[in-house]
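Numbering-wise (the working numbering), the sequence shown opens with residue 74 and increments by one.
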Amino acid sequence: MKTVLITGASRGIGAAMARTFAANGCRTVITCRNSEADLLSIKEEIETSYNVPCMAHVCDMGDFKQVEQLFTQLPPVDILINNAGISYFGLLSEMSVADWRRMMDTNLNACFYTCKLAIPSMVAKKEGRILNISSVWGNCGSSMETAYSAAKGGVNAFTKALAKELAPSNIQVNALAPGLIDTAMNHCLSAEDIEALKTEIPADRLGSPEEVALLAWQVVNAPAYMTGQIIGIDGGWF
């Protein structure tokens, strides 16, 4: 049984991926930073509905000491999905240094922390899959979301470089770049803003977390020759 670690899995895309991977027989490890009740609810749902083990841990993935402690409690990770992320909307000139650092810690540095700790066992087995959840803004940038765009652009470069580093060990590293997905992260937008954005999306709708989760499963199970790719799922937006 493969073990998958999915960070930021108490809701949205992370929770959808946890359900999808559990439904396909994976031992599932899920984390979140604050929403313990929601995380435990997902754990109970997985164990009840899919009859696979599920471990749930509250962990700030942007804090290396917490991530290091988490890994002491886990079996070797076969599939690592870096999904934990936060958003920030506002002018860069008005953003505090603390908020910038928090953005980088959670959205970019966390990928380094988990990969650093997961890679040794993957290399030993000459097998493993790493999937980073990026964003369309990591490809093209977004006004008022400069820090978020910078962090996700870093995730893209990190993905491409690490894929080259790990390819000789038969470990594939890819990323998904979702567009506008119907998750809590986007619920700060007004109905008018959502409708305006939909007019820019050829598919004329928001994506669902389940669609991203299905693509994540497909990428993790893609031929081993596919690595170092940033794969968009955005309704034709970009």
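Cβ coordinates follow ideal geometry from the N, Cα and C atoms, glycine included.
Fair warning: this is a prediction, and the values are worked out from it, not measured in the lab.
query: Enumerated in chain order, which unbroken segments of the alpha helix (DSSP H) with a length of 4 residues or greater are wholly contained in the region 160-229?; result: 170-177, 183-198, 209-213
query: Kindly list the residues whose CB is nearer than 8 Å to the CB of Pro-275, restricted to its own chain and excluding five residues on each side of it in sequence; keep chain order.; result: Gly-308, Gly-309, Trp-310
query: For Cys-269, which of helix, strand or coil comes out of DSSP?; result: The question names Cys, but residue 269 is Ala in the sequence shown. Here Ala-269 sits in helix by DSSP.
query: Based on the DSSP secondary-structure assignment, which residues constitute the bridge partners of Leu-153?; result: Leu-78, Ile-203
query: List the DSSP bridge partners of Pro-251.; result: Ile-306
query: Helix, strand or coil, according to DSSP, for Ala-236 in the structure here?; result: helix
query: Three or more C-beta pairs under 8 Å: does that hold for the region 222-237 against the region 281-293?; result: no
query: Which residue marks the beginning of the beta strand (DSSP E) containing Arg-333, and which one marks its end?; result: Since the first and last residues shown for the chain are 74 and 311, residue 333 lies out of range.
query: Give the straight-line distance between the Cα atoms of Pro-126 and Glu-120, rounded to the nearest whole angstrom.; result: 6 Å
query: Taking Cβ positions, are Val-246 and Gly-211 nearer each other than 8 Å?; result: no
query: Grouping DSSP H, G and I as helix and E and B as strand, with all else coil, what is Ala-129?; result: strand
query: If the criterion is Cβ atoms closer than 8 Å, does the pair Asn-205 and Val-228 meet it?; result: yes
query: Taking C-beta to C-beta, are Cys-105 and Ser-122 nearer than 8 Å?; result: no
query: So the candidates are Ala-264, Ala-240, Cys-132, Gln-139; which of them puts its Cα closest to the Cα of Pro-296?; result: Ala-240
query: For Ile-244, which residues does DSSP report across the bridge?; result: Gly-201
query: Looking at the secondary structure, which residues open and close the alpha helix (DSSP H) in which Thr-121 lies?; result: 109-123
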